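Here is the structure we will look at.
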Amino acid sequence: MSNSSTSSCPTNLVPVDLPIPHNLTYAVIPGTNASDPWMVDCCHPSPVHVVNTCWEWCQLNGTNEDDVSSDFNACMITSKRNLSQSNGVLIHMSGTTSNSNNRATFAGMALVALTASVVLF
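Note that full-length UniProt numbering has the sequence shown beginning at 1, numbered continuously upward.
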């Protein structure tokens, strides 16, 4: 039986006005389970939280937005994120008022994975 509040959660976007402190660097993806293995893996050692019922978020380390975004997206791919359940991502850098609200498409995530595999090998 599905929960009506979670069944109406979008799977491909993240709002920019979530109640998460702006003094943190963090990632947000659509999701309702703080135990999703891909989020737990990519957020480690930070805990995963669920905000407003529909979005999983965690604090990330790093000061360069491109590196933080690339590393997080590559991790999502290697951790086998279920794109049918969650295929959006928002990266917020500490101290900024804007967010990098990138819709992570399968093709885009595949490109990140290919780039990461070339760098690693």
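Every residue gets a Cβ at the ideal spot worked out from N, C-alpha and C, and that includes glycine.
Quantities reported herein were computed from a predicted structural model and do not represent experimental measurements.
Note that the C-beta distance between residue 54 and residue 76 is not below 8 angstroms.
The continuous alpha helix (DSSP H) containing residue 43 extends over residues 37-43. Contact annotation, residue 23 with residue 94: C-beta distance approximately 6 angstroms; criterion of less than 8 angstroms satisfied. Taking each of 21, 85 and 74 in turn and checking the Cα distance to residue 51, the smallest one comes out for 21.
Nearest Cα to residue 73 within the set 89, 8 and 59: 89. When beta bridges are read from the DSSP output, residue 74 appears opposite no residue. Within the same chain, and ignoring the five residues on either side of residue 11 in sequence, the residues whose Cβ sits closer than 8 angstroms to its Cβ are 30, 84, 85, 86, 87 and 88.
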